[in-house]
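Numbering (the working numbering), first residue to last: 149 to 386.
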Amino acid sequence: MLFNVNIDHVATLREARGGIEPSVLDAALIVEKCGCDAITVHLREDRRHIQDDDLFTIMKSVNIPINLEMALSEEIIDIALKLKPKQITIVPERREELTTEGGFDIVRYFDKATSMLSVFAETGILLSLFIDPDEDQISASKAAGVDIIEIHTGEYSNSSTSDAISFELNRISKAAIKGKELDLQVAAGHGLNYSNIAPIVKILEIEELNIGHSIISRSVFVGLERAILEMKKLVEVL
Ligand code: PXP
Numbered sequence: 149m150l151f152n153v154n155i156d157h158v159a160t161l162r163e164a165r166g167g168i169e170p171s172v173l174d175a176a177l178i179v180e181k182c183g184c185d186a187i188t189v190h191l192r193e194d195r196r197h198i199q200d201d202d203l204f205t206i207m208k209s210v211n212i213p214i215n216l217e218m219a220l221s222e223e224i225i226d227i228a229l230k231l232k233p234k235q236i237t238i239v240p241e242r243r244e245e246l247t248t249e250g251g252f253d254i255v256r257y258f259d260k261a262t263s264m265l266s267v268f269a270e271t272g273i274l275l276s277l278f279i280d281p282d283e284d285q286i287s288a289s290k291a292a293g294v295d296i297i298e299i300h301t302g303e304y305s306n307s308s309t310s311d312a313i314s315f316e317l318n319r320i321s322k323a324a325i326k327g328k329e330l331d332l333q334v335a336a337g338h339g340l341n342y343s344n345i346a347p348i349v350k351i352l353e354i355e356e357l358n359i360g361h362s363i364i365s366r367s368v369f370v371g372l373e374r375a376i377l378e379m380k381k382l383v384e385v386l
């Protein structure tokens with residue numbers, strides 16, 4: 149299981165004051181030191197947390213891969229082509245949202261998305277698409293030629309009754325199996341925390357996790373290194 153740590157919210161805290169601390173680069177170096185597989189960052193169009201300079205600095209200074217989450221916008225695509233991270237993850241983005249609220253609707257935007265994604269052919273950058281656990285979205289992702297689907301686990305994370313949790317886990321599991329059947333790599337993320345991660349780790353088709361908010365939240369109390377290592381232990385349980 150690949151374990152990628154999303155450090156956006158270190159930048160969120162920094163941007164709250166507009167200064168230089170906490171350092172996003174130091175956070176990236178700690179993720180690397182903890183033996184994680186990649187650093188995930190979302191360069192949002194409104195630059196509410198990660199800034200362009202953060203990306204350039206992190207890429208220069210760490211040796212583990214970067215998974216760049218991004219909207220399909222011309223401006224951000226140009227930056228991705230310049231930076232050439234190992235992986236990009238396409239997410240939907242709305243300015244008024246607090247976080248990425250749903251998966252990218254590749255069924256609806258198939259023609260536009262495939263045409264915009266074509267600039268990444270031959271670049272060697274792995275393409276991941278953040279989608280809801282839905283069969284049609286997975287088939288369309290395959291047809292769009294991406295390498296990886298990242299299953300949005302937000303509905304699961306927000307479920308509170310055991311029926312709803314089972315229902316959502318079943319959807320995620322079926323989506324992961326379908327992804328593997330289509331020869332796609334399967335990732336998952338959003339809203340995963342220390343309490344809800346265990347059933348997700350047991351879905352063997354899921355090969356990559358991207359986890360941010362819960363780790364950065366816990367780091368306020370126990371420090372970033374310990375927060376990451378505690379989650380790493382839960383992720384590597386099998
Ligand atoms: N995966 C994707 C594609 C995301 O957009 C996010 C949120 O930035 C995450 C994973 C991580 O979600 P969280 O911060 O809730 O762990």
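Beta carbons are placed, not taken as given, at the ideal position from N, Cα and C, and that holds for glycine.
Everything numeric in this text was worked out from a predicted model, so none of it was measured.
| query | N152 bridges to which residues according to DSSP? | reply | Working through the sequence shown from its first residue, we reach residue 152 at position 4. DSSP lists A186 and N358 as partners of N152.
| request: To the nearest angstrom, report how far apart I214 and I296 are at their CA atoms. | output: On the sequence shown, position 66 is the one that residue 214 refers to. On the sequence shown, position 148 is the one that residue 296 refers to. Cα to Cα, the separation comes out at about 15 Å.
| Could you check where the alpha helix (DSSP H) with G272 kicks off and where it finishes? | By one-based count along the sequence shown, residue 272 stands at place 124. Premise fails: G272 is in no alpha helix (DSSP H) and is neither H nor E.
| message | Looking at E316: is its Cβ nearer than 8 Å to the Cβ of M149? | response | To locate residue 316, count along the sequence shown from 1; it is residue 168. To locate residue 149, count along the sequence shown from 1; it is residue 1. The answer is no: Cβ separation not under 8 Å.
| query | Mind checking whether S263 and I279 have CB atoms under 8 Å apart? | reply | Here residue 263 is taken as the residue at index 115 of the sequence shown, counted from 1. Here residue 279 is taken as the residue at index 131 of the sequence shown, counted from 1. Cβ distance not < 8 Å, so S263 and I279 don't count as in contact.
| Proximity winner among Y257, V210 and K208, relative to L220 (alpha-carbon distances) | As a first step, residue 220 must be located in the sequence shown, where it is residue number 72. Among Y257, V210 and K208, the Cα nearest to that of L220 belongs to Y257.
| request: Using three-state DSSP, classify Q199 as helix, strand or coil. | output: Locating residue 199 in the sequence shown gives position 51, counting from the first residue. Q199: coil per DSSP, three-state reduction.
| I212 and E180: beta carbons closer than 8 Å? | What you label residue 212 is simply residue 64 of the sequence shown in a count that begins at 1. What you label residue 180 is simply residue 32 of the sequence shown in a count that begins at 1. Cβ distance < 8 Å, so I212 and E180 count as in contact.
| Which whole-angstrom value describes the C-beta separation of N341 and N152, a residue pair presumed to lie in contact below a C-beta threshold of 8 Å? | Against the sequence shown, residue 341 aligns to sequence position 193. Against the sequence shown, residue 152 aligns to sequence position 4. No, N341 and N152 are not in contact; Cβ-Cβ is about 15 Å, not under 8 Å.
| said: Considering Cα atoms alone, identify which of I286, I236 and I187 is closest to G272. | reply: For the purposes of this step, residue 272 is identified with residue 124 of the sequence shown, where counting begins at 1. Of I286, I236 and I187, the residue nearest in Cα terms is I236.
| request: Can you tell me which of the three DSSP states V370 falls into? | output: Sequence index remark: in the sequence shown, residue 370 carries index 222 (1-based). Residue state, collapsed to three classes: helix.
| message | For D185, which residues in the same chain have their Cβ closer than 7 Å to its Cβ, ignoring the five residues on either side in sequence? | response | Walking along the sequence shown from the start, residue 185 turns up at place 37. Result list for D185: L150, F151, N152 and I212, in chain order.
| said: To test your reading of the DSSP string, which unbroken beta strand (DSSP E) runs of 3 or more residues are found completely within the stretch 231-260? | reply: 235-238
| message | Taking 8 Å as the threshold (C-beta atoms), are E163 and R196 in contact? | response | For the purposes of this step, residue 196 is taken as residue 48 along the sequence shown, with counting starting at 1. For the purposes of this step, residue 163 is taken as residue 15 along the sequence shown, with counting starting at 1. Going by C-beta atoms, R196 is nearer than 8 Å to E163.
| said: Rounded to whole angstroms, what is the Cα-Cα separation between D200 and V368? | reply: Stepping through the sequence shown from its first residue, residue 200 is reached at position 52. Stepping through the sequence shown from its first residue, residue 368 is reached at position 220. Distance between the alpha carbons of D200 and V368 is about 25 Å.
| Just how far apart, CA to CA, sit L274 and L265? | As a working note, residue 274 is residue 126 in the sequence shown. As a working note, residue 265 is residue 117 in the sequence shown. Cα-Cα distance, rounded: 11 Å.
| said: Spatial neighbours of I313 within its chain, please: C-beta separation below 6 Å, excluding the five flanking residues on both sides. | reply: Mapped onto the sequence shown, residue 313 falls at position 165. S307, listed in sequence order.
| query | Excluding sequence positions up to five away, which residues of its chain have a Cβ less than 8 Å from the Cβ of L173? | reply | Your numbering for residue 173 matches position 25 in the sequence shown. Once the five neighbours on either side are set aside, the close Cβ partners of L173 are D202, T205, I206 and S209.
| query | Excluding sequence positions up to five away, which residues of its chain have a Cβ less than 7 Å from the Cβ of I227? | reply | Translated into positions along the sequence shown, residue 227 becomes position 79. Result list for I227: L191 and D200, in chain order.
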